[in-house]
Structure formats: C-alpha cells, structure tokens
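Take a look at the structure below.
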Amino acid sequence: MPKQAYLEHHYSSEELKSRYLKSSDPVESRRWHLVWKISLGWSIKNSAIAIGLNYEDSKEIVKRYNELGEEGLKNLKRKKRKKVGGKQQILNEQQIEKLKQEIAKRPSDGGIWTGAKVARWIELETGAEKIWNQRGWDYLKKCNYSWQRPRPKHRKGDEIEQANFIEKFPSKVQKLVEKYPEEEIDVWFFDEHRVGLKPILRKVWAEVGKRPIAVGNHAYQWLYVYGFVKPKTGENLEH
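Have a look at this one:
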C-alpha cells in the first residue's frame, strides 16, 4: 500500500472538510480538498489524481500546510476583480478586445478555439494560476461567439453558378408558361437523403450571424432517397 503522508495536526478531518466546502476561492478550495483527503488516509498521489492536481504541486501544497497551516494554503496570486452579473470579471475591456483579435485567428496549435484554450489564454494574459474551462466559454460568449454546427458544402460547389440559377430560374418558368399557355406548369423542388455513413460535423465556436462552412467531398457510396415537394400545394412524393 502507498505510504500515508504526514500531516501536522493543525485541524481535524471534519474541520478540513468544512473549510474545503466553505472556501469561495477555487484554488484554495482544491488545496483544502487535497489536505482533507490525505487526512482520511489517502496517499498524496491518489488524492492528486482524484482532485485533478499535479503530483509534484500536491507534495508542495502538503509541505506548505505542514509548515504554515492555513497560511500555507492561501492563494497568493488572487486579485480583487470586479463582479459582473454575479461572476468575477477576469478581463478588462482592453483585454477582451485583445481576446477578440486573438480568436479571429487560428490558435497556436493550428486547431480550433475551445473554452479550454481560451481559459489557458486568459491564464497567460492575467498571470492567474487557474482559470476554469467554463470561464473560457463565458468569454467566448462575451465576444459574441456561439456554439454552431458548420453548414456542409461540397468541394466542387460553384457559388457563381448557384447564384445564376436562382436569379434566372423565375424567367425560365415564365418562358414555359408563355410557350404552353394551355398547359398547367408545375414547379417541383427535390432534396436527397443519403442513407449510410456520412462525415461527422462537430460544432465549433463562431461569431454570431456568421455560420461556419465545412468544405468536404462526399466520397462514400450511398443509398439515395429523393423527396419532391410542390411548394404551391405542399404535395410531396418520395422515390
């Protein structure tokens, strides 16, 4: 069995638990949580894993607690921040503008922006020891971004040709009406549903009102089901 860590008896296990539950600072709360678990007989390593702390950092926390008691667990990097809407405002207006410019570009790893990546950016920008990933989400929303599913677009799609079709289609229908005045001209639209494997489109953060586009190439074999609808009456057919 792992060797039990030594703890100075500054507080009982119940007192440690109480301080962990009552702490309003997230950094200090995790430190109290660590010390409380160790007081129950947990090893430093297992306690660190359960709480999500680095093992070496956890050993240092225990050392400071043994030497200084409560003072050893205080978050010395904590700063007073303005509260907005019930939450502490981590970034000022200038930093928010800087974040907007940053997320308009690709992140340094070449991937896509996530709440976790924004939280890490905030840590570097502010020098904070720990910013929870959820706050990254909060600031993406504050920057007018939302969690959106990209619109699929075929790699061979021609936007100019599509625009021309939409523009010229009404006149083509009108010519048919004039050419066959005794006939009833019906306009039908169809869509297709592919049954089988298809690419997964995962949601990404994008600016509100600017839906992202996922350019792809449908390279699979499909079973096609076609649906036709008559806009005038709502009548529909499937094939």
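Under the working numbering, the residue at position 99 of the sequence shown is numbered 502, and the numbers go up by one with no gaps. Ideal placement from N, C-alpha and C gives every residue a C-beta, glycine not left out. Keep in mind it's a predicted model, so treat the numbers as computed, not measured.
Residue range of the beta strand (DSSP E) that residue i falls in?
i, result
"residue 545", "Taken as a continuous stretch (DSSP letters only), residue 545 belongs to no beta strand (DSSP E), being part of the alpha helix (DSSP H) at 536-545."
"residue 551", "548-551"
"residue 609", "607-610"
"residue 618", "616-619"
Nearest-angstrom Cα distance between residue i and residue j?
i, j, result
"residue 536", "residue 423", "21 Å"
"residue 521", "residue 509", "12 Å"
"residue 557", "residue 618", "6 Å"
"residue 500", "residue 445", "45 Å"
"residue 567", "residue 580", "21 Å"
"residue 550", "residue 411", "48 Å"
"residue 607", "residue 512", "16 Å"
"residue 480", "residue 436", "19 Å"
"residue 629", "residue 555", "19 Å"
"residue 605", "residue 516", "13 Å"
"residue 633", "residue 588", "11 Å"
State the DSSP-derived secondary structure class of residue i, mapped to helix, strand or coil.
i, result
"residue 438", "helix"
"residue 675", "This structure cannot speak to residue 675, because the chain is shown only from 404 to 642."
"residue 563", "helix"
"residue 499", "helix"
"residue 629", "strand"
"residue 472", "helix"
"residue 478", "coil"
"residue 556", "strand"
"residue 449", "helix"
"residue 494", "coil"
Buried or exposed: residue i, going by 16 or more other Cβ atoms within 10 Å of its Cβ?
i, result
"residue 576", "exposed"
"residue 466", "exposed"
"residue 614", "exposed"
"residue 543", "buried"
"residue 502", "buried"
"residue 518", "buried"
"residue 591", "exposed"
"residue 440", "buried"
"residue 539", "buried"
"residue 552", "exposed"
"residue 468", "buried"
Name the DSSP bridge partner or partners of residue i?
i, result
"residue 572", "In the DSSP output, where bridge partners are listed per residue, residue 572 has none listed."
"residue 639", "632"
Terminal residues of the continuous alpha helix (DSSP H) containing residue i?
i, result
"residue 423", "416-425"
Residue i: beta carbon under 8 Å from a heavy atom of the ligand MG?
i, result
"residue 437", "The ligand MG is not part of this structure, which contains no ligands at all."
I want to see whether chain C comes within less than 9 Å of residue i, judged by CB atoms only; does it?
i, result
"residue 636", "Annotation note: the requested chain C is absent from the structure, which comprises a single protein chain."
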